[in-house]
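S.K.:
Residue numbers (the numbering used here): 383 to 562.
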């Protein structure tokens, strides 16, 4: 920890994220979070906020939108707890995936903070590597469901985790639906 990074005792509003970030339409996907001023490497941006629920409750709630069943704002905190950014969440829920991200999620005693990992110029979109984990084989069809649009030179083509890593931001795939 350094002087730039005091451990906030309150929620992310202590960090004044609005003066440094804004949410707007993203070329990657839907909405995105953009730097309104230059950010230095290691800068604490905001806390990922939302309702804390169990994985059982997350599965019960899923999917929220039948038209986009694979789109969620769930962030796994571990120990069976999930932050649902769609309920009481903040701008952090709009941070998109990139294979070469400029931010990372940091777990501090069950609280998730977003921090830059390299300098971010004003106007650039903030991103993290979702590294989604879905049980089962990574088939061509599954990789297509979670296709990546980050455009990085080293894009792996999917938001799914490399098989050796397990994500903190997990995804609940849409359950099989019976046609009636």
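Just so you know, even glycine gets a beta-carbon here, dropped at the ideal spot from N, CA and C.
Looking at C-beta atoms only, is the number of pairs between the region 427-435 and the region 484-497 that lie closer than 8 angstroms three or more?
M.R.: Short answer: they touch.
S.K.: Let me know the secondary structure DSSP gives residue 516 once reduced to three states.
M.R.: Reduced to three states, the DSSP call for residue 516 is coil.
S.K.: To the nearest angstrom, how far is it from the Cα of residue 349 to the Cα of residue 514?
M.R.: Residue 349 lies beyond the range of the chain shown here (383 to 562); nothing can be said about it.
S.K.: Identify whether residue 442 lies in helix, strand or coil by the three-state DSSP scheme.
M.R.: Helix, per DSSP.
S.K.: Three or more C-beta pairs under 8 angstroms: does that hold for the region 521-538 against the region 456-463?
M.R.: Flag = no, the region 521-538 and the region 456-463 do not touch.
S.K.: Just to confirm, are residue 477 and residue 510 a CB contact at a threshold of 9 angstroms?
M.R.: Contact flag set, yes.
S.K.: As a quick exercise: from 533, 539 and 508, pick the residue whose alpha carbon is nearest that of residue 522.
M.R.: Cα-wise, what sits closest to residue 522 is 539.
S.K.: Is residue 402 closer than 9 angstroms to residue 417 when the C-beta atoms are compared?
M.R.: Result yes, Cβ atoms of residue 417 and residue 402 sit closer than 9 angstroms.
S.K.: Within its chain, find whatever has a CB closer than 7 angstroms to the CB of residue 505; leave out the 5 residues flanking it on each side and keep chain order.
M.R.: Excluding positions up to five away in sequence, the list reads 416 and 417.
S.K.: How would you call residue 472, buried or exposed, if buried means at least 16 neighbouring beta carbons within 10 angstroms?
M.R.: Buried.
S.K.: Ordered along the chain, which non-local residues of its own chain (more than five positions away) have a Cβ less than 6 angstroms from that of residue 479?
M.R.: Cβ within range, chain order: 512 and 541.
S.K.: Between residue 462 and residue 437, which are expected to be in contact by the criterion C-beta below 8 angstroms, what is the C-beta distance as a whole number of angstroms?
M.R.: Rounded, the Cβ-Cβ distance is 5 angstroms, consistent with contact.
S.K.: Compute the Euclidean distance between the alpha carbons of residue 411 and residue 491, then round it to the nearest angstrom.
M.R.: Approximately 30 angstroms between the Cα atoms of the pair.
S.K.: Tell me, which residues are paired with residue 405 by DSSP?
M.R.: The partner list for residue 405 (beta bridge, DSSP) reads 415.
S.K.: Give the single residue among 440, 519, 531 and 508 whose Cα lies nearest to the Cα of residue 420.
M.R.: It is 508 whose Cα lies nearest to the Cα of residue 420.
S.K.: Quick one: measure Cβ to Cβ for residue 423 and residue 501, integer angstroms, because I've assumed they're closer than 8 angstroms.
M.R.: Between residue 501 and residue 423 the Cβ distance is about 5 angstroms, and since that is below 8 angstroms, they are a contact.
S.K.: Where does residue 535 land, buried or exposed, given buried means 16+ other C-beta within 10 angstroms?
M.R.: Exposed, by the Cβ-count rule.
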